[in-house]
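Residue numbers (the numbering used here): 3 to 409. Everything on this sheet refers to the single structure shown next.
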Ligand code: GCO
Ligand code: MG
């Protein structure tokens, strides 16, 4: 029996801001089935809205939603101008919505379409952060109380205004909270002195079992990253993330030569080409690419398969600015992918969860998905309409001498 043709009859972009901006693509078919995909690019949301509305949606109408791969290739090759965060987030939103539709038509959850369960629960990590070392240790204790088995720790640093990763509240971290970029100051020397003390304290307070992660957030040179990795070896981190900007993938060779601290990178990558050399030369241990920013499930699967050849595991980005539609799709991917490492899980606010009803839930350090056909996430359009878009941008960082640096 030939499979059902599901003709795309309409598609629209829904922008909503329940505490922060989210961009969602909704694709409807002549089968009365629709799918949704996350298209949120933090601080550049309206660029993706325009890309979808002007250049993608007109090309979708009339196509068979079941032809996921062909539509992916059409949008990637057909644009002529390949790659980039805006293009690949737009393609990702289409791809995610099409996998959602395919699952609904088949009556199957997406993980079944990918190859079935490789695990019952998806190991996640939460974000403990504090104004200083002892406050951060108290927050790690709180996250352990909540059942997390893996915790990222970020601390304020004396004399460093607005150190990365230290939120204003204790549960949510939303850095894009000003119309124009907030200026923060960065001091590498203070950071390199302070960070080993943070993890020494965390191991003293919480023992060796809990998995500890840290995000350097692109701030060091390769040699400084090597120095930090070396100084953190006694504290056996699960990973040191984004230790240096990765446009030059070769740079990681220098870090690798000097330290056995596991390396993770890739949340800002948008295609396999951004990480091909890092993976093939085993310069990293975890690849952080995501459903929403790396071309959707279709492309993320290609990256994971390449990574599996070199024993590199997945560790997808999962910050608050990736919507529940991305998290839902990511969890189906994480439930299937054989070389799974860990999934970031920065909680969404209750308002966000209300706008995006979903069937995943947290327990005992894992996120578990249900068997709802598709990816299990929906959008309440009426509620979404109550939260109009608010222009926001991510911060920037300057060194103490005023040099513009990596935020
Ligand atoms: C992470 C990320 C975030 C980013 C944010 C940018 O590891 O979760 O580094 O904190 O800064 O997603 O929009
Ligand atoms: Mg990060």
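Even for Gly, the Cβ is constructed at its ideal location relative to N, Cα and C.
The ligand MG heavy atom lying under 7 Å from the CB of residue 219: In the chain shown, the residue the question calls residue 219 occupies position 217. Yes; taking the cut-off as 7 Å, the Cβ of residue 219 has a heavy atom of the ligand MG nearer than that.
Cut-off 6 Å between Cβ atoms - residues of its own chain near residue 404, not counting five sequence neighbours on either side: Position 402 of the chain shown, counted from the first residue, corresponds to residue 404. Taking residue 404 as the centre and dropping the five residues before and after it, the same chain places no C-beta closer than 6 Å to its C-beta.
Start and end residues, alpha helix (DSSP H) containing residue 163: In the chain shown, residue 163 corresponds to position 161, counting from 1. Element bounds for residue 163: n/a, residue is neither H nor E.
Residue interval of the alpha helix (DSSP H) (run including residue 275): Position 273 of the chain shown, counted from the start, is the residue given in the question as residue 275. Note, residue 275: premise wrong, no alpha helix (DSSP H); not H, not E.
Closer than 7 Å: residue 44 CB and nearest the ligand GCO heavy atom: Here the question's residue 44 lines up with position 42 in the chain shown. Yes, the ligand GCO has a heavy atom inside 7 Å of this Cβ.
Opposing strand residues paired with residue 131 [DSSP bridges]: The residue given as residue 131 occupies position 129 in the chain shown. Answer is 156.
Closest residue to residue 175 among 351, 121 and 233 (Cα-Cα distance): For the purposes of this step, residue 175 is taken as residue 173 along the chain shown, with counting starting at 1. Ranking 351, 121 and 233 by CA distance to the CA of residue 175 puts 351 first.
C-beta atoms of residue 291 and residue 281 nearer than 8 Å: Within the chain shown, the letter at position 289 stands for residue 291. Within the chain shown, the letter at position 279 stands for residue 281. Here residue 291 is not near residue 281, since their CB atoms are 8 Å or more apart.
Closest by C-alpha distance to residue 374, when choosing among 218, 101, 136 and 262: In the chain shown, counting from the first residue as 1, residue 374 sits at position 372. Ranked by Cα distance from residue 374, the options 218, 101, 136 and 262 are led by 101.
The ligand MG heavy atom lying under 7 Å from the CB of residue 213: In the chain shown, counting from the first residue as 1, residue 213 sits at position 211. Not so, every heavy atom of the ligand MG lies at least 7 Å from the Cβ.
Contact set for residue 320: own chain, Cβ-Cβ below 7 Å, skip 5 residues either direction: As a first step, residue 320 must be located in the chain shown, where it is residue number 318. Apart from sequence neighbours up to five positions away, the residues of its chain that approach residue 320 with a beta-carbon distance below 7 Å are 329, 332, 345, 346, 347 and 348, ordered along the chain.
DSSP three-state assignment for residue 228, whether helix, strand or coil: Here residue 228 refers to the residue found at position 226 of the chain shown. DSSP places residue 228 in helix when its eight states are reduced to three.
Expected contact under 8 Å - CB spacing of residue 162 and residue 136 to nearest Å: Residue mapping note: residue 162 aligns to position 160 of the chain shown, counting from 1. Residue mapping note: residue 136 aligns to position 134 of the chain shown, counting from 1. Contact doesn't hold; Cβ gap of about 17 Å is too wide.
heavy atom of the ligand GCO below 7 Å from residue 336 C-beta: To locate residue 336, count along the chain shown from 1; it is residue 334. Every heavy atom of the ligand GCO is 7 Å or more from the Cβ of residue 336, so no.
Residue 202 beta carbon near the ligand MG (any heavy atom closer than 7 Å): On the chain shown, position 200 is the one that residue 202 refers to. Not so, every heavy atom of the ligand MG lies at least 7 Å from the Cβ.
Simplified DSSP assignment, three categories, for residue 285: For the purposes of this step, residue 285 is taken as the residue at position 283 of the chain shown. Here residue 285 sits in coil by DSSP.
Within 8 Å, strictly: CB atoms of residue 49 and residue 88: Residue 49 sits at position 47 when you count from the first residue of the chain shown. Residue 88 sits at position 86 when you count from the first residue of the chain shown. One thing to note: residue 49 has its Cβ within 8 Å of the Cβ of residue 88.
Residue 316 versus residue 72 - alpha carbon distance: Numbered from its first residue, the chain shown carries residue 316 at position 314. Numbered from its first residue, the chain shown carries residue 72 at position 70. C-alpha separation (whole angstroms): 25 Å.
Near the ligand MG: residue 244 beta-carbon under 7 Å from a heavy atom: The residue labelled residue 244 in the question sits at position 242 within the chain shown. Indeed, a heavy atom of the ligand MG lies less than 7 Å from the Cβ.
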